[in-house]
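Visitor: Pasting in a structure now, in structure tokens, and then I'll have a few things to ask.
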Amino acid sequence: MTTLLWGVLPYVTFALLVAGLVWRHRYDRFGWTTRSSQVHESRLLNIASPAFHYGILFVLAGHVVRLFVPESWTDAVGVSEHTYHLFSLYGGTAAGLLTVAGIALLVYRRRTNAPVFRATTVNDKIMYVVLLAAIVMGMVAKLAHASGDGYDYRQSIAVWARSLFTLRPDIDRMTGVPVLYEIHAVIGMVLIALVPYTRLVHMFSAPVQYLFRPYVVYRSRDLEQLGPRPERRGWEKAGS
Amino acid sequence: MRPMAQIAMVMNLDKCIGCHTCSVTCKQAWTNRRGMEYVWFNNVETRPGQGYPRRYEDQERWRGGWELNRRGALKLKAGGRIRKLAGIFSNPELPEIKDYYEPWTYDYRNLTDAPLGDDFPVAEPISQLDGKPMKIEWSANWDDNLAGAPAHGDLDPMVERARKQASDKVRFEFEQSFMFYLPRICEHCLNPSCVASCPSGAMYKRAEDGIVLVDQDRCRGWRMCVTGCPYKKVYFNHRTGKAEKCTMCYPRVEVGLPTVCSETCVGRLRYLGVMLYDADKVTAAASVRDERALYEAQLDVFLDPEDSRVRQECEEAGIPYDWLEAARRSPVHALISRYRVALPLHPEYRTMPMVWYIPPLSPVVDALTETGHDGEDAGNLFGAIDSLRIPLEYLAELFTAGDLGPVRSSLEKLAAMRSHMRAINLGEEPDPSVPAAVGMGAYEIEQMYRLLAIAKYEDRYVIPTAAIGDARRLEESALPQGCSLDFDGGPGMGGDGPFGRDSGRKLLPLVPVEENFHILRGRQTADDTDPAAVTHTSDAEEA
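Residue numbers (numbering that gives the first Met the number 0), protein chains in the order written: chain E, 0 to 239; chain L, 0 to 542.
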């Protein structure tokens, strides 16, 4: 079981993520969108969406620091374990609360606004369940181990996470990890695997190139493309 | 000089009868799909009126188009690149569907399925957004023919502006004094702010013909283009989550056919043709400090296709010969640059729009006739154009950022044309002072008359085809420039891919066009509708 969860699941997740992204890019670029519902309801979204997105970006940054910056590095800069914990606790909780408040408002909006609810697919609903579970379990795990210096995941989970990249997963590190953290990690992996198959895929199209390109884009007709191109996923047939 | 060609349109507002045929045929052709119920690529507004979406011209609210920053450089009114990316998680300046109107259908089934009762069953309106019964309170065309103008007329942003200019004397006179129709499509601007707003780079202006399009595969639904367009002619498909817009019917234009809206226009008021322009001058022209100078600045961007130097430059820039010839015969070029009767819609948005309008003289003529004067007498008309300040000021707010000069000049040319042609029709000696008063000769004014009043199909739509433009290149290249299988989604794009050919898409059954044509002709000319029966009869005859 331990091997399955901490030795196999991460790679399955990664394979699903990469394969999904490749598949999406190759066959379903038309479906690659935020599928925004702002044209239906703008007022709540203008508050909730930035709150959630900025919150989750901060949470993401927190995870990157947590998992991929070794303790020796922070020690070298002179950050004590206690300082680190306090920063992680307060910063992380603040970001987490912003995220939770944002997503709670977004879910409320989605459920109560009839046109928005009608535009919600089964896929969206599954995604929301997993996303909410991941966020809530993360918050619960963090706050349940807040006393003292908290649970030191940097000796266990972080080391395991880094070992994944060397293709020699250090499964033993995961023994003795509190069960709340374990649940959070598993849900997190499921969420990562789901990204390319849900609307979450829009996170991979952050339009950074906008900062560097000229304002007006010119393009020429594709001279090789004579006649209609094959119909693709998501495109409706004319007259349907 | 960097010459480029653009397919542009001119609409003669005097001829628009507000029948909405263009809107309906456009909708049937392009937006009769789920997710696009509220969308009209072409709409016809009654002016004065709020327009579609409501009050879209109020850029203080919707932040469309460009403005000048303190240094006098162009910047997007909705904010620059960094601000766009920082605020990408929501777009406070995005109109909701209800700012357009809530689309609906009717519960027709109730008409036949309702149980027997004392009352007639009715088809209740059903919202197409949430599927529930709704109260219809607005539509794309609610204030048609000034309907509700006493209540809503004041909400027209251009009425507000004109009133500010002309102070109190025009209060409440708009509704009584005049009205006209304004058909609107995408302006296919030279300096498109929607394209500039798109974070994904999915929107582009085609280099060959200037048509502005959305790449549906690259659009990620950030919705910035909807805000960026001051004319609100980019729409968000709420089902697919992608932006869509008027395509200038490019599949038709490419083969030399006019757009659907032009083809079906009952009043024959639309003109399509090529405009040549200098792409290097666009930014400078759009950055002119004085809003009222933008019209002249845009005229300066256009190139004269008769100028031999321009023709040489165009040829070097790779503009095909028949496009240059089309530019010489272009009715659009004649109306915009030669006669200068067509004006751009809202040049103050600094997008350099390419659908221009001939302002309507009819409100002036009607007003004159109503007061018992001869509505087509040149003297009366010239006087009336000036004294009927309200239409003039309102039109100036629409077409020249409030500058009365170009509108007056355009209307006077139209007035002179009416007067001159009436004299000819009545067999009188035309007064040479009438054309002279507007700086035109009698021949020139008759030419303009031909273009405005008589122009046949091939005179109104001078559209060079894309294929002929490419023909020379195709002839010259015995070998294709790239791998001919290497098109998007083709086998050259790395084979069928690891998931097989049918993964993710369905292939259209390919039916040769000729066969369709022959089947169609057979069906139309045969007595029997069954094609098998037709063959059978002919066989029997042979036997």
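Here a beta-carbon is modelled for each residue, glycine too, at the ideal position from N, C-alpha and C.
These numbers were taken from a predicted model, which means no experiment stands behind them.
Considering only the beta carbon of each residue, do Arg327 of chain L and Glu305 of chain L sit closer than 8 angstroms?
Guide: yes
Visitor: Using 10 angstroms around the beta-carbon of Lys124 of chain E, count the other beta-carbons present and answer buried if the total reaches 16, otherwise exposed.
Guide: It is exposed - the Cβ of Lys124 of chain E has fewer than 16 other Cβ atoms within 10 Å.
Visitor: Pull out every residue of the segment 0-31 of chain E whose Cβ sits closer than 7 angstroms to any Cβ of chain L, in chain order.
Guide: Trp22, Arg25, Tyr26, Asp27, Arg28, Phe29, Trp31
Visitor: Would Leu416 of chain L pass as a contact of Gln5 of chain L if the rule is Cβ separation under 8 angstroms?
Guide: Looking at the sequence itself, residue 416 of chain L is Met, so the reference to Leu does not match. In this structure, Gln5 of chain L does not lie closer than 8 angstroms to Met416 of chain L by Cβ.
Visitor: Please list the partners that Ala113 of chain E has in chain L, where partner means a Cβ-to-Cβ separation under 7 angstroms.
Guide: Asp129, Lys131
Visitor: Beta-carbon of Asn45 of chain E versus every beta-carbon of chain L: anything under 8 angstroms?
Guide: With its beta carbon less than 8 angstroms from one in chain L, Asn45 of chain E belongs to the interface.
Visitor: Measuring alpha carbon to alpha carbon, tell me which of L:Ala113, L:Arg33, L:Ile184, L:Val273 ends up nearest Lys232 of chain L.
Guide: Each of L:Ala113, L:Arg33, L:Ile184, L:Val273 was checked against the Cα of Lys232 of chain L, and the nearest Cα belongs to L:Ile184.
Visitor: Do you know how far the Cα of His81 of chain E is from the Cα of Thr32 of chain E?
Guide: For Thr32 of chain E and His81 of chain E, the distance between alpha carbons rounds to 42 angstroms.
Visitor: Is DSSP giving Thr258 of chain L helix, strand or coil here?
Guide: coil
Visitor: What does DSSP give as the partner residues of Phe301 of chain L in its beta bridges?
Guide: L:Tyr276
Visitor: Out of curiosity, what's the CA-to-CA distance linking Ile384 of chain L and Pro229 of chain L?
Guide: 29 angstroms
Visitor: Quick check on Ser386 of chain L: buried or exposed, where buried means 16 or more other Cβ atoms within 10 Å of its Cβ?
Guide: exposed
Visitor: Suppose contacts are defined by Cβ-Cβ distances below 8 angstroms. Is Ile182 of chain E in contact with Thr12 of chain E by that definition?
Guide: No, the Cβ-Cβ distance between Ile182 of chain E and Thr12 of chain E is not below 8 angstroms.
Visitor: List, in order along the chain, the chain L residues whose C-beta lies closer than 8 angstroms to that of Thr197 of chain E?
Guide: Those within 8 angstroms of Thr197 of chain E in chain L number zero; the least Cβ separation is about 13 angstroms.
Visitor: What three-state label does DSSP hand Trp355 of chain L in the structure shown?
Guide: strand
Visitor: Less than 8 angstroms between CB atoms is the rule here; does Leu210 of chain E satisfy it with respect to chain L?
Guide: yes
Visitor: Cβ of Val265 of chain L within 8 angstroms of Cβ of Ile423 of chain L?
Guide: no
Visitor: List, in order along the chain, the chain E residues whose C-beta lies closer than 9 angstroms to that of Val437 of chain L?
Guide: Correct list: empty, because the minimum Cβ distance to chain E is about 37 angstroms.
Visitor: Got a sec: which bits of the segment 215-246 of chain L sit with their beta carbon under 8 angstroms from any beta carbon on chain E, in order along the chain?
Guide: Gln215, Asp216, Arg217, Cys218, Arg219, Gly220, Trp221, Arg222, Phe235, His237, Arg238, Thr239, Gly240, Lys241
Visitor: Would you list the one or two residues that DSSP bridges to Gln5 of chain L?
Guide: L:Met274
Visitor: Judging by CA-CA distance, which residue of E:Ile55, E:Tyr214, E:Arg218, E:Val115 is the nearest neighbour of Pro198 of chain L?
Guide: E:Tyr214
Visitor: Give the DSSP-derived three-state secondary structure of Lys231 of chain L in the structure shown.
Guide: coil
Visitor: Helix or strand or just coil, what does DSSP make of Tyr99 of chain L?
Guide: helix
Visitor: Against Arg34 of chain E, what residues of chain L qualify as contacts under a CB-to-CB distance less than 7 angstroms, listed in chain order?
Guide: Gly220, Gly240
Visitor: Assign Tyr150 of chain E to one of three DSSP states: helix, strand, or coil.
Guide: Coil at Tyr150 of chain E, not helix or strand.
Visitor: Tell me the residue span of the beta strand (DSSP E) that contains Ala184 of chain E.
Guide: Element bounds for Ala184 of chain E: not the beta strand (DSSP E) but the alpha helix (DSSP H), 178-193.
Visitor: Can you tell me where the beta strand (DSSP E) with Ala242 of chain L in it begins and where it stops?
Guide: 241-244
Visitor: The alpha helix (DSSP H) with Trp322 of chain L in it runs from where to where?
Guide: Segment 320-328, the alpha helix (DSSP H) holding Trp322 of chain L.
Visitor: Where do the ends of the alpha helix (DSSP H) carrying Trp22 of chain E lie?
Guide: 8-26
Visitor: Any idea if Asn90 of chain L is buried or exposed, counting beta-carbon neighbours within 10 angstroms, 16 or more meaning buried?
Guide: Classification of Asn90 of chain L: buried, given that the 10 Å Cβ count is 16 or more.
Visitor: Once you ignore the five residues that flank Arg268 of chain E on each side, which residues in its own chain have a CB closer than 8 angstroms to its CB?
Guide: Outside the displayed span of chain E (0 to 239) sits residue 268 of chain E, for which this structure offers no information.
Visitor: Gly317 of chain L by DSSP, collapsed to three states: which one?
Guide: coil
Visitor: Step through the CB atoms of chain E and report whether any lies within less than 8 angstroms of the CB of Met420 of chain L.
Guide: no
Visitor: Would Tyr356 of chain L pass as a contact of Phe301 of chain L if the rule is Cβ separation under 8 angstroms?
Guide: no
Visitor: Identify each residue in the segment 46-61 of chain E for which the Cβ-Cβ distance to at least one residue of chain L is less than 9 angstroms, and report them in chain order.
Guide: When CB distances to chain L are screened at a threshold of 9 angstroms, the residues of the segment 46-61 of chain E falling below it are Ile46, Ala47, Ser48, Pro49, Ala50, Phe51, His52, Tyr53, in chain order.
Visitor: The segment 78-107 of chain L: which residues have C-beta closer than 8 angstroms to a C-beta of chain E, in chain order?
Guide: Arg80, Ile81, Lys83, Leu84, Gly86, Ile87, Phe88, Ser89, Asn90, Pro91, Leu93, Pro94, Glu95, Ile96
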